[in-house]
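Here the structure is laid out as structure tokens; the discussion comes afterwards.
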Amino acid sequence: MDNRGTAAVTMVVTSCNRFDLLERTLSSFTAHNDYPIRRLILIEDSGNLAVKTVADKFPELNIEVIINSPSLGQYASIDKAYSMVDTEFIFHCEDDWEFSQPDVIRKSVLLMEADPSIALVWPRSDAGAPPWLKKRPYQELNGVSMRPIDPKAHHVWGNFTFNPGLRRLSHYKMMPGGYSAMGEARTSIYLKRQGYRAVVLANGGVRHIGGEGRSTGSAFATIATGKKTSKLSGRISRARLSLRRRLSHMMWRLSLFFASEKS
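So the sequence shown is residues 0 to 262, counted in numbering that gives the first Met the number 0.
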């Protein structure tokens, strides 16, 4: 706890050459956030120095800018930024999210302080959410309305995302090799198997403003630094990954069914 009676929070923002969206993200955060941030670390993976011009527009945020040159990729960029964090709570954010209301971080902190099993507080709305994410009703914890995500609803997803949300540095440090080794999906599985869970903050608080083919950057530097792949090969690769995940999910659901039948 700091001298204002609130848990210290570091905000980490990942960016990759989408400075119009980054400016909207930072502008909306400045307009709506009402929680004291210990530090704001912005890591830019494109090598473009113009990111400093955007950061300079928000002197009140005292942004610490890191520029990767050459590109590291999304996962290694996050590892690099997190190596500078010295607070237990991290509010992670990408460069294409618009904040729409106050109290997002304060409520997230209250939830995490009340329940050590919570690994992630996700301030997303129900709009566009998959049905499995909404299986459980909203509950109140420490005066905050939230929806717990059923850990059995999906064998991969539901315990972790790089979308905006509060998470714990101690959980990150538990993972061998960090995000570079684990990635997003394996991190979700890892936290699930460790007995941790994620919850959704009622009424959301952030809105996605990216999309339309404007990527947040490659997960890995081998792609981000310019190795060309055709659209067809990219689609084939994504289709294979989707098929593997669907088959894996079906097998996982079957294993749950047979386990329940035996009991």
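Glycine included, each C-beta is placed from N, C-alpha and C at the ideal position.
Q) Is residue 222 helix, strand or coil when you go by DSSP? A) Bear in mind that the predicted position of residue 222 carries a pLDDT of just 41, short of 50, making it too unreliable to give a figure here.
**Q.** Which listed residue (235, 16, 77) has its alpha carbon closest to that of residue 160
**A.** Distance from the Cα of residue 160 is smallest, within the candidate group 235, 16, 77, for 77.
Q: Please determine if the region 104-121 and the region 63-73 are in contact, where contact requires at least 3 C-beta pairs separated by less than 8 Å.
A: No, the region 104-121 is not in contact with the region 63-73.
Q. Residue 8 and residue 120: beta carbons closer than 8 Å?
A. Their beta carbons are not under 8 Å apart, which means residue 8 does not touch residue 120 by this criterion.
Q) Is it right to say residue 67 is buried, meaning 16 or more other beta carbons lie within 10 angstroms of its own, or is it exposed? A) It is buried - the Cβ of residue 67 has at least 16 other Cβ atoms within 10 Å.
Q. Does the beta-carbon distance from residue 208 to residue 95 come in below 8 Å?
A. Between residue 208 and residue 95, the CB-CB gap stays under 8 Å.
(Q) When you compare the CB positions of residue 42 and residue 10, do they come within less than 8 Å of one another, or not? (A) No, the Cβ-Cβ distance between residue 42 and residue 10 is not below 8 Å.
Q | Residues near residue 21 by beta carbon distance below 6 Å, same chain, minus five either side | A | 14, 53, 94.
**Q.** residue 206 and residue 97 closer than 8 Å at C-beta
**A.** It is a contact, given that the beta carbons lie within the stated cut-off.
Q. By Cβ distance, which residues of its chain are closer than 7 Å to residue 110, with the 5 residues on each side in sequence left out?
A. Excluding sequence neighbours, residue 110 sits near 117, 120, 140, 141, 143, 145, 198.
Q: Return the chain-ordered list of same chain residues with a C-beta closer than 6 Å to the C-beta of residue 90, the five sequence neighbours on each side being excluded.
A: The beta carbon of residue 90 is closer than 6 Å to those of 8, 10, 104, 165 in its chain, skipping five residues each way along the sequence.
Q.
Do residue 123 and residue 162 have their beta-carbon atoms positioned less than 8 Å apart in this structure?
A. Contact flag set, yes.
Q. To which residues does DSSP link residue 117 through a beta bridge?
A. According to DSSP, which records beta bridges pairwise, residue 117 is partnered with 196.
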